[in-house]
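Single-structure report; data block below.
Number of protein chains: 2
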Amino acid sequence: MKNFDYNIPTRVHFGKGQISKLRGEVKNFGHNVLLVYGGNSIKRNGIYDQVMEQLNDSDINVFELSGIAPNPRIDSARDGVKLCKECKIDVILAVGGGSVIDCSKLIAAGAFYDGDPWDLVLKSSLIKEALPIISVLTLSATGSEMDGFAVISNMETNDKLGMGGEILKPRVSILDPEYTYTVPANQTAAGTADIMSHIIETYFHDVEGAYLQDRFAESLLKTCIEFGPIAVKEPENYDARANLMWAGSHAINGMISYGTDVGWSVHPMEHELSAYYDITHGVGLAILTPRWMKHILSDKTVGKFVDYGVNVWGIDSSLDKFEIANMAIEKTYDFFASIGIPMNLREVGIDEENLEVMAEFASKRGAKYGYVSLSKEDVLEIYKMSL
Amino acid sequence: MKNFDYNIPTRVHFGKGQISKLRGEVKNFGHNVLLVYGGNSIKRNGIYDQVMEQLNDSDINVFELSGIAPNPRIDSARDGVKLCKECKIDVILAVGGGSVIDCSKLIAAGAFYDGDPWDLVLKSSLIKEALPIISVLTLSATGSEMDGFAVISNMETNDKLGMGGEILKPRVSILDPEYTYTVPANQTAAGTADIMSHIIETYFHDVEGAYLQDRFAESLLKTCIEFGPIAVKEPENYDARANLMWAGSHAINGMISYGTDVGWSVHPMEHELSAYYDITHGVGLAILTPRWMKHILSDKTVGKFVDYGVNVWGIDSSLDKFEIANMAIEKTYDFFASIGIPMNLREVGIDEENLEVMAEFASKRGAKYGYVSLSKEDVLEIYKMSL
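Residue numbers (my numbering), protein chains in the order written: chain D, 106 to 492; chain E, 106 to 492.
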């Protein structure tokens with residue numbers, strides 16, 4: 106096990122009706138609130154009204170920033186930073202999924218930075234201070250509600266880049282599984298794939314002795330495999346929504362990565378796809394993951410695949426190790442297909458055209474430093490397998 | 106899954122050499138430090154010197170309170186509170202195992218209380234404020250390094266009572282697995298049993314849909330079963346010590362109990378044994394646990410035992426459910442015996458004499474509210490099975 110510094114400071118109010126804690130939490134941080142959200146869905150499903158009821162208080166002034174896109178854009182963050190400075194915002198209230206929370210993180214940091222917020226995306230070390238963030242989660246997927254990361258897109262430059270910092274971790278997150286009841290089946294499936302990809306990318310590592318972390322990761326994967334299909338079929342199944350929501354937070358809050366070495370592989374490959382084609386992140390991850398697994402399976406990695414196959418998928422441990430590995434990869438593919446995810450790039454509108462340039466960027470921007478180092482040629486092959 | 110408010114604020118510096126972070130952490134909280142520790146073991150194994158080297162700073166004044174007993178006594182806490190008030194202590198530095206950290210928690214709260222600290226043990230709601238605590242852990246067992254609980258003994262009244270509060274959670278804990286290398290085999294085994302008991306008491310609950318929590322609990326149990334015997338045989342096996350240490354913290358920091366209902370059963374029964382006979386807590390837990398399991402096995406509880414047997418001990422799931430349950434209980438007993446724990450009360454000097462009165466107290470003080478409610482007669486029978 107490697108050394109680590111554990112810090113998961115977010116306080117979480119988890120469960121039905123926990124929105125009732127919002128007013129008190131907001132007032133802990135100040136008076137002027139920037140409410141950040143996406144489109145009209147939180148107005149249609151009533152969450153907006155419940156939030157506004159909590160903010161209806163003589164001590165609270167609400168300013169709104171709406172229209173945050175699914176792959177959040179630098180322009181929205183720029184607007185938010187401007188509002189923070191003009192309105193002397195004390196606390197940012199992010200109501201939505203990962204995109205809204207991610208965008209809020211950049212706004213929170215940008216409020217204390219004099220230059221263009223895009224600088225902070227390019228260089229996280231410039232982030233010295235940030236406004237406190239409270240999140241109200243409406244989609245189980247990115248885990249942004251308990252971590253310090255954000256992914257921001259710049260459509261002018263076709264960039265989709267990650268940034269992060271300890272001080273960007275939300276101070277408080279309200280996680281009500283009922284708030285995800287109206288998430289449609291395809292987004293529920295994509296969210297499940299996103300969660301599973303976070304776990305898989307973390308689980309495939311080379312560090313000796315991170316036994317507990319690996320068992321935790323397997324627990325999270327089993328939870329997604331158990332409840333993803335239920336949530337897709339029965340959107341108002343509370344325990345399915347609750348388990349997915351809590352698994353999503355733990356998939357990336359550090360619990361399974363502290364003590365290991367995480368080399369992201371599939372995420373950098375997918376980020377190019379959604380930067381170029383604006384596809385749903387979780388769908389891209391689901392398409393690429395089993396192809397990536399097939400590509401990296403070797404004498405060196407097969408042991409990890411055996412753990413994965415036996416402990417996660419319940420494959421008979423007495424079989425040949427490559428047989429176990431290949432069965433596990435097949436089960437991974439079948440699982441994503443079974444919850445309705447389109448499993449080929451062509452189905453989501455991606456053809457050969459930009460594969461070369463995307464492969465080059467993906468390798469340079471992270472896949473080279475993954476669990477198995479991926480060159481441009483490796484990435485290109487994985488993309489082609491995924492067509 | 107039940108509603109919960111998650112809050113695990115302790116920052117942890119985990120791994121070899123992390124003591125180097127101590128000076129900076131102490132100075133974050135102030136100048137006057139009360140160093141709390143047990144006997145001479147930290148002087149013999151060099152930990153005391155490493156701590157003092159960190160505290161050797163012109164901005165730090167050290168006051169010492171030593172001699173904290175394995176079942177920490179109210180008298181030590183009274184001495185500590187007096188020191189805090191006289192020396193204007195800013196931060197308490199607890200160097201030791203759970204007893205030292207537990208005692209430090211009462212001191213931390215007592216520093217802000219005008220009456221006798223024992224009042225705070227009897228009534229946790231009197232705890233309004235507390236000094237910050239930094240712990241340097243030297244024994245993997247109680248999990249006190251990441252939770253808000255403490256157990257304090259009053260030998261005059263034969264009382265051993267739990268107390269707790271969110272503000273008693275250590276702010277920072279330094280967990281260096283090498284600091285447990287000198288823990289002898291019998292204490293390593295008892296610590297492993299203590300950790301496993303925390304997990305088992307949490308795992309046996311009635312709440313529907315706490316699937317992820319149960320898988321996490323099984324992960325922790327598997328970790329103890331894997332590494333307990335290794336640490337007993339190879340005291341300087343880093344990964345064994347590291348996995349046990351991290352499992353011990355997660356066993357009781359809330360991660361597996363948030364969202365469930367925890368009814369402690371074996372702990373209240375054991376607390377009477379160690380209050381009356383001052384035996385090692387973990388040994389008492391190991392002796393009682395398999396007998397408690399046998400006593401509560403029924404049509405109503407057998408399903409939980411099947412999960413436990415199949416997922417933790419790898420028992421064939423196609424067997425009869427009661428057969429699985431009984432095999433799991435037997436494996437639990439055999440495991441504790443295999444790591445050298447004396448598995449009968451007589452072996453640790455306990456006979457029939459006080460069983461009745463202990464059974465009465467154990468039932469009243471908690472076992473009545475356990476996973477299966479235990480009357481005085483139930484407890485007495487479990488004690489007798491354990492003789």
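The C-beta atom is built at its ideal place from N, Cα and C for all residues, glycine as well.
The structure presented is a predicted model; accordingly, all values stated were derived computationally and were not measured.
With DSSP run on the structure shown, which of helix, strand or coil describes residue i?
i      : result
V117/E : strand
V226/D : helix
E452/D : helix
Y142/D : strand
V312/E : coil
R470/E : coil
Y413/E : helix
E250/E : coil
W500/E : Any answer about residue 500/E is impossible in this case: the structure gives chain E only from 106 up to 492.
D319/D : helix
G349/E : Just to set this straight, residue 349/E is Leu in the shown sequence, not Gly. In this structure, L349/E counts as helix in the three-state DSSP scheme.
E458/D : coil
L236/D : coil
P447/D : coil
Y363/E : coil
S505/D : Any question about residue 505/D goes unanswered here, given that chain D covers just 106 to 492.
F332/E : helix
D344/E : helix
Y286/D : coil
I300/D : helix
D207/E : helix
K132/D : helix
M260/E : coil
Would you call residue i buried or exposed, if buried means 16 or more other Cβ atoms sit within 10 Å of its Cβ?
i      : result
G408/E : exposed
D404/D : exposed
R178/D : buried
R396/E : buried
G296/D : buried
M350/D : buried
A290/E : exposed
M301/D : buried
S133/D : The residue you asked about is not Ser; residue 133/D is Asn in the sequence shown. Burial call: exposed.
M157/D : exposed
Looking at the strands, I want to know which residues DSSP matches up with residue i.
i      : result
M268/E : A255/E
D110/E : H118/D
N166/E : N137/E
V504/E : Here chain E comprises residues numbered 106 to 492, so residue 504/E is not present and cannot be evaluated.
Counting along the chain, where does the alpha helix (DSSP H) carrying residue i start and finish?
i      : result
L198/E : It is not in any alpha helix (DSSP H) - L198/E instead sits in the beta strand (DSSP E) that spans 196–201.
I179/D : 179–192
K436/E : 426–443
W369/E : Taken as a continuous stretch (DSSP letters only), W369/E belongs to no alpha helix (DSSP H), as it is neither H nor E.
D483/E : 481–491
I392/E : 386–401
M157/D : 152–160
From what residue to what residue does the beta strand (DSSP E) around residue i run?
i      : result
S278/D : 277–280
Compute the beta-carbon to beta-carbon distance between residue i and residue j, rounded to the nearest angstrom, for a pair I have assumed lies under 8 Å.
i      : j      : result
D311/E : D366/E : 7 Å
L273/D : A213/D : 6 Å
L393/D : I487/D : 6 Å
E465/D : V371/D : E465/D to V371/D, Cβ: 17 Å. No contact.
L450/D : S480/D : With a Cβ gap of about 20 Å, L450/D and S480/D do not count as contacting.
M260/E : E377/E : Actually they are not in contact, since the Cβ atoms of M260/E and E377/E sit about 14 Å apart, beyond 8 Å.
G201/E : I239/E : No, G201/E and I239/E are not in contact; Cβ-Cβ is about 12 Å, not under 8 Å.
I420/D : G333/D : At roughly 19 Å, the Cβ-Cβ gap does not stay under 8 Å, so I420/D and G333/D are not in contact.
F168/E : C192/E : 5 Å
P222/D : V186/D : 5 Å
N348/D : L317/E : 5 Å
G248/E : A345/E : Between A345/E and G248/E the Cβ distance is about 18 Å, and since that is not below 8 Å, they are no contact.
M342/D : K121/E : Position check: residue 342/D holds Asn in this sequence, whereas Met was assumed. Actually they do not touch by this definition, with Cβ atoms about 45 Å apart.
Is the beta carbon of residue i within less than 7 Å of some heavy atom of the ligand COA?
i      : result
V288/D : The ligand COA is absent from the structure shown, which contains no ligands of any kind.
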